[in-house]
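Here's the structure we're looking at; comments come further down.
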Amino acid sequence: MRILAQEIPRAHADEHQPTAIAAMTHTIRVVSYNILADAHIRTEWYPKTPPRLLWWEHRKNRLVKRIREFSAELICLQEVEPPVFEFLETALKPDGYRGVYAQKGNHKPDGCATFFKTTSVILTDYQTIYYSDRAGGDLHSGHLALITDVEINGLAVRAVNTHLKWENKESNHRIGLKQAVELAEMICSDKASRWIVCGDFNAQTGSAVIETMLSKGLIDAYATLPQSTANSNSDAKRIDYIFHSPSFVSEPLPITVIENDTPLPSQSEPSDHLPICARLSVQSLDDTQ
7 MRILAQEIPR AHADEHQPTA IAAMTHTIRV VSYNILADAH IRTEWYPKTP
57 PRLLWWEHRK NRLVKRIREF SAELICLQEV EPPVFEFLET ALKPDGYRGV
107 YAQKGNHKPD GCATFFKTTS VILTDYQTIY YSDRAGGDLH SGHLALITDV
157 EINGLAVRAV NTHLKWENKE SNHRIGLKQA VELAEMICSD KASRWIVCGD
207 FNAQTGSAVI ETMLSKGLID AYATLPQSTA NSNSDAKRID YIFHSPSFVS
257 EPLPITVIEN DTPLPSQSEP SDHLPICARL SVQSLDDTQ
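Everything in the sequence shown is counted per the working numbering, starting at 7 for the first residue and increasing by one.
Given below as C-alpha cells:
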C-alpha cells in the first residue's frame, strides 16, 4: 500500500540570475525506541519489576517524558498498539509532532509509529512494506518496514522504521535474516537517496542480520558506543540500531548502562528496551544568489 501526501510546490530560481554553490550542513536528531506493547507483557517475564510498573497507566506518561527528553526531529517507535499511537499523537502534538502508523499483519496487536517535528520536517510520502518472509508455509509473518519520505530543514531523507522477528537460538526458520536481506536489498536499489534505518533488529552485533545491513554500505551510528539496549532473559545485549547512509556523520548519544540483572522496566525506564538517539550531520549543496 502506498499513500501519497499532497505535493509541495517548489520554488524555482530565476534562470537569469547567477548562482553560487555553497555547502550547507544539516543536523538531524533521530531516536529509535521499542516502547513495549501492553499485549506482550506477562508479569512472570519481568520478575525483577514490581507489577505496578508494568501497568500501562503507570508507564504511559513516563514514556512521553522519555521521548520528549531528546527533542528529536525524527522518532521511530516499535511495539506500538493502535490506541497507544492515538495517545502518543495527542500527547506529543503540543510539542509540534505529527505521526504516521503501520500495524503488523497476521492479526498481530502492535506495529511501528514514526513521529516527526512539523517545524522542521515535511512529510512528502510514506508507505508500508510487509516482508515476504513466507513464515509458516504460504503465510507472511506480518512484520513490516514503515518508510517515510521527508524533508528535514530542506534535506530529502528516506527513513525506515522496522521491527524484525525475534527468534530463539534453536530456531531454524531464520525469518529475521530473510527480513534483513529484503530490507537491505530495497535500500541498495536506491543508493541515490539518503537513508536512515531505525529499529529493533532482534540481533546482536556480528550476527548475520547486522552484517547484512552493513554489507550494503550502511553505517552503524552506535559502532563507537556499542552498549546494551535490552536484557530480556537476564542477558544484556544490543539489539536496537540506527543505521544511515555514508553521507551522514553520526554522533551517538550516551545511553544508560544496563547489566544482566538490571530491572527493566523500572521506575526510570518505562520499557524493557532503552531508547537510542544519534545526531546525524550531512552537507548538501545549496544554490544561493
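Cβ coordinates follow ideal geometry from the N, Cα and C atoms, glycine included.
Within the DSSP bridge table, the entry for TRP201 names ARG164 as partners. Residue ARG140 holds the alpha-carbon nearest to the alpha-carbon of ARG180 among ASP155, ALA165 and ARG140.
Contact between the segment 60-75 and the segment 87-98 is present, with at least three C-beta pairs closer than 8 Å.
For HIS64, the enclosing alpha helix (DSSP H) begins and ends at 62-74.
If you draw a 10 Å sphere on the C-beta of ARG200, you find 16 or more other C-beta atoms in it, and that means buried.
For THR130 against VAL156, the beta-carbon gap comes to about 6 Å, under 8 Å, which counts as contact. The Cβ atoms of VAL86 and ILE47 lie no closer than 9 Å to each other.
Shortest Cα-Cα distance from ALA236 to any of ALA190, ILE225 and ASP246 involves ASP246.
If you look at GLU157, you'll find it in the beta strand (DSSP E) that goes 150-158.
Taking C-beta atoms as the reference points, ALA214 and SER256 fail to come closer than 9 Å. By the beta-carbon neighbour count (other beta carbons within 10 angstroms, threshold 16), LEU145 is exposed.
Residues of the same chain with a CB within less than 6 Å of the CB of SER147, apart from the 5 flanking positions on each side, are ASP139, ALA141, LYS171 and ILE181 in chain order.
Distance between GLU92 and GLY105, taken at the CA atoms: about 9 Å.
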